[in-house]
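The structure appears right after this line, and notes come after that.
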Amino acid sequence: MNIPKITFIKMNKKEYILIAGLLILGLLSYFFMYNIEPGAMVKIEVSQKLYGTYALNKDQEILVKDSKGVILCTSEIKDGSIRVKSSTCTDKICIKEGEISSSGQTIICLPNQVVITVINEKEQIDGVLK
Amino acid sequence: MNVKKLTLIIISSIIFLSLIYFYMNRNIVVAQTQFIMNTTIEIKLFGKNIDKQKLVKTMNRAFDIMKEVEDKSTSYVEYEGNAASLNKHRGEYYMVNQDLIEQLSTSIPFYKLTSGEFNIGLYRTVNIWKNATDKNYLPSREEALNSIGNSTPDDIIVDKFNNRVKLPEDMEIDLGGVSKGYALDKVIVFLKNSNIDIALINAGGNIITLGTPVDRDYFNIAIQDPQSINKILGTVKLNNGQAIATSGSYSRYYEINGEKYSHILSGNSGYPKHLYKSVTVITNKGIISDILSTSLFLLSIENGRKLIEKLDYPVEFLYILNDDTIIKSEGFKIEYSQDNLYKDE
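The listed protein sequences derive, respectively, from chains A and B. Counting along the first sequence from 1, when you hit position 110 you're at 109 in numbering that gives the first Met the number 0, and nothing is skipped either side. Counting along the second sequence from 1, when you hit position 289 you're at 288 in numbering that gives the first Met the number 0, and nothing is skipped either side.
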């Protein structure tokens, strides 16, 4: 039986170290570049009024209620994204929307007037007028 | 070394270098706060990491420009050709700096436009109020009125061609409600000439923008609640080149016998007016936003509207009345805070 021969590029130790070093440095800078981005936030609005803002990097469940305290939906932040877990609305479209995680993405529940938007933290406020 | 090895090294180098390039080229912000013109001024410049040094240099120069405008416009410290020196040389032609000429030419017409309410000739009146605050007595209406004198800003002769100004004998000027806004405009011109595309300058009650951040087409500006420093009335979105200014009775005042008197004085009476809790305007020029917020603060809403109609600038306004009602122009888009207690008209 003929075993196919696997051919390696013959390199000495120094060359391996050079290539590995370059790749590691590159990956590190890539990692660093994305790590300094400010954390994303989630904004939840009910009937055009701000209900609350939450950090996307903190896993939690958010109970969304209307002004009378009636539960509208339950949303869940997990692993940097948010989804609607359960909702009292009729069409359940908000649940079918699934997870969102990038800035500007929204989940809208029309019947209950709930709007969930992912925003960038730095977008919050650029300056305060006194 | 054979060809394959060489290719591998080249490819990994390219990956490495491009990642470094993208890292260096990422968007960065440099920002600093300094105390100039009796207020904290924050300058934020947006650019690429590769020109960070240049950004910092430009930012420092921008602060210097603000300081220069302050020195050129102050009535309280004498420098050659500034407002304090002009006040000394009243009654004669006096050579002043270009910045003073600009500020005078822009602000003098507002005296007539506001039927006398916006008056830059109130240096003596301001001093009476400052003095009264120190000694804790309330100036009489007569004392305030008498400090104004008979001449009006219309009697100031501005000789633009020779950079000379002649102040009436019985008048001294105070550009407190003008120079901050003017300084913002001057910094913006400088930044444009320095090839800065995106910047935000916050001078407390005045903010001006240049461009907008790369990921959106507006700056998000929070407006402080007139009655509580820790609260936000709401946020507005400012586009490229917009200037916003607030005048309020809360931010600066003369405190006499425990009572607060607004530092914005009527040009007709020399006395504070408390028609509103605050007035905020958005327009496209710093100096106009500064003059206009003061003017509207002193005028009735009806007369304010008439003034705006006469101007060639786009103006949006928001009044907070003393009963916490808000009156604003249609184009003033504000997103109120959740805990906002003020109500729309």
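Positions of the beta carbon are idealized from the N, C-alpha and C atoms, including for glycine.
Does any residue of chain A have a CB that is nearer than 7 Å to the CB of residue i?
i, result
"A221(B)", "yes"
"Q33(B)", "no"
"P62(B)", "At residue 62(B) the sequence reads Phe, which differs from the Pro that was named. Chain A contact via Cβ: absent."
"N201(B)", "yes"
"T245(B)", "yes"
Check the Cβ of residue i against every Cβ in chain B and list those closer than 9 Å, keeping chain order.
i, result
"S24(A)", "The sequence given here has Leu at residue 24(A), not Ser. Within 9 Å Cβ-Cβ: F15, L18 and I19."
"L17(A)", "I8 and S11"
"K42(A)", "The premise fails here: K42(A) is roughly 11 Å from chain B at the closest Cβ pair, so nothing lies under 9 Å."
Could you check if residue i is buried or exposed, using at least 16 other CB atoms within 10 Å of its CB as the buried criterion?
i, result
"K185(B)", "buried"
"I13(B)", "exposed"
"E36(A)", "Caution applies to E36(A), whose pLDDT of 47 falls short of 50 and renders its modelled position unreliable; the model cannot decide the point."
"Y78(B)", "exposed"
"Q97(B)", "exposed"
"I325(B)", "buried"
"L291(B)", "buried"
"V2(B)", "exposed"
"V125(B)", "buried"
"I124(A)", "exposed"
"Q241(B)", "buried"
"V213(B)", "exposed"
"L55(A)", "buried"
"S101(A)", "exposed"
"A82(B)", "buried"
"E308(B)", "exposed"
By DSSP's criteria, residue i is part of a beta bridge. Which residues make up the other side?
i, result
"T32(B)", "E41(B)"
"I94(A)", "In the DSSP output, where bridge partners are listed per residue, I94(A) has none listed."
"P152(B)", "None; P152(B) has no bridge partner."
"T293(B)", "According to DSSP, T293(B) bridges with nothing at all."
"T116(A)", "K42(A) and T105(A)"
"M94(B)", "R163(B)"
"K53(B)", "In DSSP, K53(B) forms no bridge with anything."
"N219(B)", "K236(B)"
"F316(B)", "V280(B)"
"K185(B)", "The partner list for K185(B) (beta bridge, DSSP) is empty, contrary to what the question assumes."
"V213(B)", "In DSSP, V213(B) forms no bridge with anything."
"V2(B)", "For V2(B), which the question treats as bridged, DSSP gives no partner whatsoever."
"G79(A)", "DSSP, once it has assigned bridges, lists no residue as partnering G79(A)."
"T208(B)", "L199(B)"
Using the C-alpha atoms, what's the distance from residue j back to residue i?
i, j, result
"N34(A)", "L24(A)", "With a pLDDT of 49 at N34(A), under the threshold of 50, the predicted position of this residue should be treated as unreliable, and no value is reported."
"K51(B)", "M23(B)", "10 Å"
"E142(B)", "M58(B)", "44 Å"
"R82(A)", "I107(A)", "11 Å"
"N339(B)", "R140(B)", "37 Å"
"I70(A)", "I333(B)", "28 Å"
"I195(B)", "S86(A)", "48 Å"
"L199(B)", "C93(A)", "38 Å"
"G303(B)", "L264(B)", "16 Å"
"G330(B)", "K342(B)", "17 Å"
"V114(A)", "I99(A)", "12 Å"
"K327(B)", "L317(B)", "4 Å"
"Q112(A)", "L62(A)", "14 Å"
"I147(B)", "S248(B)", "21 Å"
"K121(A)", "P225(B)", "Because the pLDDT at K121(A) is just 48, under 50, the model does not fix this residue reliably, and the value given afterwards should be weighed accordingly. Rounded to whole angstroms, K121(A) to P225(B) spans 25 Å at the Cα level."
"K66(B)", "V29(B)", "19 Å"
"R215(B)", "L17(A)", "41 Å"
I want to see whether chain B comes within less than 7 Å of residue i, judged by CB atoms only; does it?
i, result
"G126(A)", "yes"
"L21(A)", "yes"
"K67(A)", "no"
"L49(A)", "yes"
"K91(A)", "no"
"K144(A)", "The displayed coordinates of chain A run from 0 to 129. Any statement about residue 144(A) would go beyond what the structure contains."
"K129(A)", "yes"
"E36(A)", "The predicted position of E36(A) is uncertain, since its pLDDT is 47 and thus under 50; a value taken from the coordinates is nonetheless stated next. Taking Cβ atoms only, chain B never reaches closer than 7 Å to E36(A), which makes this a no."
"T116(A)", "no"
Residue i versus chain B: which residues are under 7 Å apart at the beta carbon?
i, result
"S28(A)", "L18, I19 and Y22"
Which chain A residues are close to residue i, counting only those with a beta carbon under 7 Å from its beta carbon?
i, result
"Q337(B)", "K48 and L49"
Using a cut-off of 9 Å between C-beta atoms, extract the partners of residue i located in chain A.
i, result
"G46(B)", "The contacting residues do not exist; G46(B) stays about 15 Å from chain A at best."
"S250(B)", "K129"
Output, in chain order, the set of chain A residues within a Cβ distance shorter than 8 Å of residue i.
i, result
"I206(B)", "G126 and L128"
"F218(B)", "D125 and G126"
Would you say residue i faces chain D, with C-beta separation under 7 Å as the test?
i, result
"D90(A)", "Protein chains in the displayed structure are A and B, and chain D is not among them."
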